[in-house]
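Take a look at the structure set out below.
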Amino acid sequence: MFLKPLQIPAAKASHFLRAAEAAARAIPPAFPLEATIAVNPFLGQTTEDLAQTAARLGRVAGTALTPPRSRIAAQIAAGEVNDDDLAAALIACTSPLKPQDLALLKARIATEAPAPVALPTVAELAAGASDTDWPAIMARSFGLWAAGHFDRGQALWTPRPGQGAYAAWREWATHDLTPEIAGLTGFCAHVATAPDTAERAVLRAVDRLGLTVEAAETAFHRLLIDLGGWSQHARWMLWQAELAGESDSALTDLLAIRLVWDEALLAHVPQVAGDWQAVVAAHAAPVSASADQVVDAILQEAAERGYQRRLARVLAGPAQRSGRAAMQAAFCIDVRSEVMRRALEAQDGGIETLGFAGFFGLPLAHRAQGTDEVQAHLPALLQPALVASSHGDASAEETLRIGARAARAWGRFRQAAVSSFAFVEAAGPAYGAKLVRDALALGARPLPQGPLPQIEGGLTAAQKVQTAAAVLRAMSLTTNHARLVLLIGHGAQMTNNPHESAYHCGACCGQTGEVSARVLAALLNDAETRAGLAAHGLHLPQDTLFVAGLHNTVTDAVTLYPDTPAPAHAEDLARAGAWLRAAGQQARAERALRLPGAAGETLARRAQDWAEPRPEWGLAGCGAFIAAPRKATAGRDLQGRAFLHSYDWQADQGFATLELILTAPVVVASWISLQYYGSSVAPAVFGGGNKLIHNVVGGIGVVEGNGGLLRTGLPWQTVHDGTKPAHEALRLSVMIEAPTEAIAAVLRKHDAVRALFDNGWLHLFALEEGQIKARYRPGLIWQPTSPAHPAA
Amino acid sequence: MPDLSFLSLSPPLLLLMASLFLRRPGCRPGHLPALAEAVMLASLGLALAALAQLMLGGPRLVGLGQALSLRLDAISVTMGLLVSFVGWIVVRFSRRYMDGEAREGAFHGLTLAAIASVLVLVQAGSLPVLVLGFAATGLVLRQLLLFYPDRPEAQRAAAKFTRVWVAGDLAVAMAAALLWAGFGTADIGMVLAAAQADALPLAAHAAVVLLVLAAVLKTAAFPLHGWLTEVMEAPTPVSALLHAGIINSGGVLLITLAGLVQQSAGAMAALALIGGLTALFGALVMLTQSAVKTAFAWSTVAQMGFMLLQCGLGLWALALLHIVAHSLYKAHAFLSAGGAVQVVNAIRKPGPVAVPGFGAVARSFGLALVLYAAVATGFSLVMGPKSAQAIALGAMLIFGVSYLIAQGLADAAPGALTRRTVQASLGAALAYFGFQVVAQAVWGQALPAAPVPGPLEWALIVLAVLSFGLVAVAQALFPLWAHHPSTAGLRVHLANGLYLNAVFDRLSGGFRLTSKS
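Those protein sequence lines, which keep their order, are chains F and G. Residue numbers for the first sequence follow numbering that gives the first Met the number 0, beginning at 0 and rising by one. Residue numbers for the second sequence follow numbering that gives the first Met the number 0, beginning at 0 and rising by one.
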């Protein structure tokens, strides 16, 4: 073999490959739509603050990371943000570029910051110089390849499986004549002679494009951003591989592909070489925030302080309650539960609610009926440890699968080349009836539910007791159990919505909470579990019955699953059903006010309407995370904007539960909050685009219109009601009722979590007796708050 | 007081409703969208009333004199019912779907105007009305395709659409002028009657060529299909309306003028060739498309090609059946395209697909042909003998059914699955031939019978049956070769639609930078 030695010395080569790795880590993963969850779009930037990240993403993505200044001007005018908030935000800012005083800061509000412009790619420079839209041509050609390569079953004829992305693309691009027809003569030959591995291709391109080590990281980041959601999908593949202890190279492959394109375009339009060298020099300059970006970050913080001040007013101290509750109901911490919990508690003084992540602490994967595949039902940060199966007996399972396979054969008959004509002539007229059925919402599917899932292989008595004890402690549900304890997961019923899983339970990895709730209820009712709990210091009354339920967040109907026969509780269950129905009605009336064109009684219809772009608001509006006993928030109207986690620090031995809360639910909540933030302030980069022109691709995601780049994040309709934003872009305010030293001790142990607070991606407050006592400042510092300005 | 059919009242009613949106073109135009749906339902009612009118009074011409007349006959009423029905579904869908859009009212107005234009088109009784109907449909659709005018892709798609559509309009207009001059009448019925009387004059021959050209352009047939596969830039209801209503205009044009077109053996051969080629081409490209709406668009290209093939074979009633069946299917496909994530996910659930080997494929074709012989003989005994063209078409369709049987005959497939697929195959064959009988009964009277095949026709029939048969065999054996390295290049070329679109873009400046106004 006559492999040409690389022009770059090994030491330098490793610098470039490290830069490629860093650029890959700067991209957030995007989970496929079949089970999608919210991801923090700034996952790769959590070690930088907002202004610095704005500078970085301004350079590589051309996007601002804060709302226009007109928003805060309006908030000041409306009294939602005041001078105290602005002053406090200004004081808290540590940048030397910040305005000298409040007056100067306020003067800056009147003029908008200039819109950031990303440094151009070679393709963009070439487009300007040759009047050919190279970025669009590349997006089309690359998008067509990527759609096929990452397809999970849409097309009947997919590319040969088993190839890496770079090798597969080379096979594609040596045959694809589109770039040559568009004028990029010799592109197929260029690809055919490109290096055989992605790493070698990156290094050759670095050489040919004249990239310097200093310029490489943001130049690579720029190119990965240019591939839109495809690079985020590849980042997800890396995420999944690393969760399983493996690795995946698709993202480096995509970078190599993109570099091979720019290499070819630079050779094709050599007159842009000078401009390109200037761009390389700009990439080499360190990323640093401009004065405008610093001002925008201060204004954003001021808006958040305004919200915190208003929230503090609502949190005016704990309510008192005593005695055994008639019924307890544990809901997911999801902000949508807050409305329902408040409504349920309003039905009777004897009702108590709790909040806990909707997977209820069970590390489950689930094997649904009719399939051997398992689906994770736990936060994406964790790896499943147990498999719950809903398989019935062999013959039922067989019948189900034959049915599914016959349906699949019919589907292939519909899709395949010659048979599609026979299909249309034989079955087409029947679609007239289907059109009527779907237009009138006569065939809407309810939320899927199967038989009670069983843990595969079963659990020993000791495992049962251990799991149950751990869950009860994590839920702070250790004493005072009611006769009836409901464990209520959630899911969203909707029709014809590609983003359906985004509305399901994020803690269950984009599935409904049904499986986790039912498995836990069965476990806690199990005689062996109950017998062993006392040894763990947990004394459950004999008459306590756990019943699972599922809260449909579109209709606010709650389905109960009385899987454990309990004739003695028939009356309790009937009463619970009545309370839940009444609470649902109240919650619907409250939620309908926020949904355009809705009334309480029409919400159920939104779940069944195949044309509904806004079945519900999901977690839009989320602004706070409160971990405290429910008495700190009971009876307060938190407007469906707060994650509520039940936590009693006095019962938390060694603060193990506190550590769990800060490292799991808080991180998940930050991902949700920042996804809404990113999709609101930077919709072009981190938003899912316009639902009305979505085109589902490969079963994994959507593109807009004809094709091109995958769009990840939340669609515009999810964060906007058509006339005004449905989500106020705020970074989450985390409030924890626990001693400050204990919280600081946990942060000291977990650098990644601490970075979120130190760099302002989350705000942190310590509560005492339901009121804010101290605000966290970067560097493990606690700033006591005064009663006059609780959130200052 | 002019003589009117109920169906002729629909377009003015819809345009009146559309005009109400002129004053409320923006976001959430009050109760107007609900009123629009009511008006669409009224339009559907008018179409049903027109059906009653036709059954009681028979076919006739209505409207304002000979030059501006509308037809009331089996074809116009069928299409009127179809378009009104799909229109109602689309308008109802849009009521929720478009809620909160900045140009919500304008969208509803344009949709109603588009439906009105197509309704005029399908009942055109005279050549000027036909020309006007096409032109109006194109104008309105262009506005809908540019619903997001700032998207460069939308600008490109609209530009491409406009070029092809206007070229088709010119062809129709020239054909109309030639016919008017040649036969001395603008009335379509009189043109058709004159065409039957004796050999076609030269002008009429030229007109038929232009009509075929227009139909080829308007049904997005090979090689100028590109405009149809790129119009997902408009909201989903537009795609539904386009693929279930507007795209049929080319077929309606041919079927309306069937008596004239069939007089030209060359035109019929051209239709059969272009149609058959487009059908196979579109269907093969569809296999490679991973974006659901794009795959549907290629499917429409293929289905319209198949419809042209049916026209070219003189199976006019079946072509009309295909239009109706395809419209209903495709409207549903587009409107429910949001479910593709779940559909794809469900495909993987039951485990790997059982791959049929050579033996299974051979058995399935044998079984399918036996099935065909049995069903066709049964129907022939009841309904009388079939034309050679109809028998050939049935064979092509049965090749498709054999694919369904092959999946069940795969060695790895359990017996229960085999039974289910054979049952489904039998059901499909019965349904197909059943609908064929109905189509012949309903529309056969109004349309010419298939010509007695001469050498040219026989050649085309054999060519069509062989090529469809070949592709059917390849498709049944698909898993055995689709991932072979030697076919990788073929897949790339097909996924790109053999680059015809890219060439069109290059020639028409579609690759240039667009102004981001």
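Note that beta-carbon positions come from the ideal geometry of N, C-alpha and C, so glycine has one too. On a predicted model such as this, the values are computed, not experimentally measured, just so you know.
- Comparing alpha-carbon positions, the option among Ala-430(G), Thr-417(G), Gly-56(G) lying closest to Ile-401(F) turns out to be Thr-417(G).
- Residue pairing from DSSP leaves Cys-310(G) without any beta-bridge partner.
- If you draw a 10 Å sphere on the C-beta of Ala-387(F), you find 16 or more other C-beta atoms in it, and that means buried.
- Here the alpha carbons of Ser-298(G) and Trp-144(F) stand approximately 20 angstroms from one another.
- In chain order, Ala-409, Asp-410, Leu-479 place their CB closer than 8 angstroms to the CB of Gly-356(G), counting only its own chain and leaving out the 5 sequence neighbours on each side.
- The Cβ atoms of Met-493(F) and Ala-606(F) lie closer than 8 angstroms to each other.
- Along the segment 496 to 514 of chain F, the positions whose C-beta sits under 9 angstroms from a C-beta of chain G are Asn-496, Pro-497, His-498, Glu-499, Ser-500, read in chain order.
- With a beta-carbon spacing of about 37 angstroms, Gly-161(F) and Gly-357(F) fall beyond the 8 angstroms limit used to define contacts.
- Closest option to Arg-635(F), judged by alpha-carbon separation, among His-390(F), Ala-461(F), Ala-311(F): Ala-311(F).
- One finds nothing in chain F with a Cβ atom closer than 9 angstroms to the Cβ of Gln-154(G); even the nearest lies about 11 angstroms away.
- Distance between Asn-705(F) and Val-470(G), taken at the CA atoms: about 27 angstroms.
- Secondary structure at Ala-627(F): strand, using DSSP grouped into helix, strand and coil.
- Scanning the segment 480 to 568 of chain F from its first residue to its last, the whole beta strand (DSSP E) runs of 3-plus residues come out as 483 to 490, 544 to 551, 556 to 560.
- By the CB criterion at 8 angstroms, Val-665(F) and Val-553(F) fall outside the cutoff.
- DSSP places Cys-187(F) inside the alpha helix (DSSP H), whose first and last residues are 186 to 191.
- Listed in chain order, the beta strand (DSSP E) runs fully inside the segment 576 to 651 of chain F are 623 to 627, 641 to 645, counting runs of at least 3 residues.
- In the structure shown, the three-state DSSP call for Tyr-775(F) is strand.
- Below the 8 angstroms Cβ cutoff, chain F contributes Leu-143, Asp-175, Leu-176, Thr-177 as neighbours of Asn-495(G), in chain order.
- Cβ-Cβ separation between Ala-101(G) and Leu-14(G): approximately 24 angstroms, too far for a contact (criterion under 8 angstroms).
- Within a 10 Å sphere around the beta-carbon of Ser-389(F) sit 16 or more other beta-carbons, which makes this residue buried.
- When Cβ pairs closer than 8 angstroms are counted between the two stretches, the segment 455 to 471 of chain F is seen to touch the segment 520 to 534 of chain F, the count reaching three or more.
- Against chain F, a Cβ distance below 8 angstroms from Pro-151(G) picks out Asp-132, Ala-135.
- The beta carbon of Ile-397(G) sits closer than 8 angstroms to the beta carbons of Ala-367, Leu-368, Leu-370, Tyr-371, Ala-428 from its chain, once the five residues preceding and following it are set aside; these are given in chain order.
- Assignment of beta-bridge partners to Glu-351(F) by DSSP yields Gln-327(F).
- Rounded to the nearest angstrom, the gap between the Cα atoms of Glu-456(G) and Leu-259(G) is 17 angstroms.
- Counted as a single uninterrupted DSSP element, the beta strand (DSSP E) harbouring His-762(F) occupies residues 762 to 767.
- Under the Cβ distance rule, Ala-421(F) counts among the residues neighbouring chain G, one pair being separated by less than 8 angstroms.
- Under the 8 angstroms Cβ criterion, the segment 609 to 624 of chain F counts as touching the segment 660 to 676 of chain F, having at least three qualifying pairs.
- Those residues of the segment 590 to 610 of chain F placed with their C-beta closer than 8 angstroms to a C-beta in chain G are Pro-595, Gly-596, Asp-608, Trp-609, Ala-610, ordered along the chain.
- Assigned with DSSP and collapsed to three states, Pro-724(F) falls in strand.
- One finds Glu-33, Gly-698 in chain F with Cβ atoms closer than 7 angstroms to the Cβ of Asn-344(G), taken in chain order.
- If you ignore the 5 residues before and after Gln-382(F), its C-beta comes within less than 7 angstroms of the C-beta of Leu-242, all in its own chain and listed in chain order.
- For Gln-153(F), there is no enclosing beta strand (DSSP E), as DSSP marks it with neither H nor E.
- Around Leu-334(G), the beta-carbon contacts reaching into chain F at under 9 angstroms are Leu-434, Asp-437, Ala-438, Asn-495, Trp-609, Ala-610.
- By the rule that beta-carbons nearer than 8 angstroms mark a contact, Lys-348(G) touches chain F.
- Contact annotation: Met-303(G) and Ile-246(G) have beta-carbon atoms nearer than 8 angstroms.
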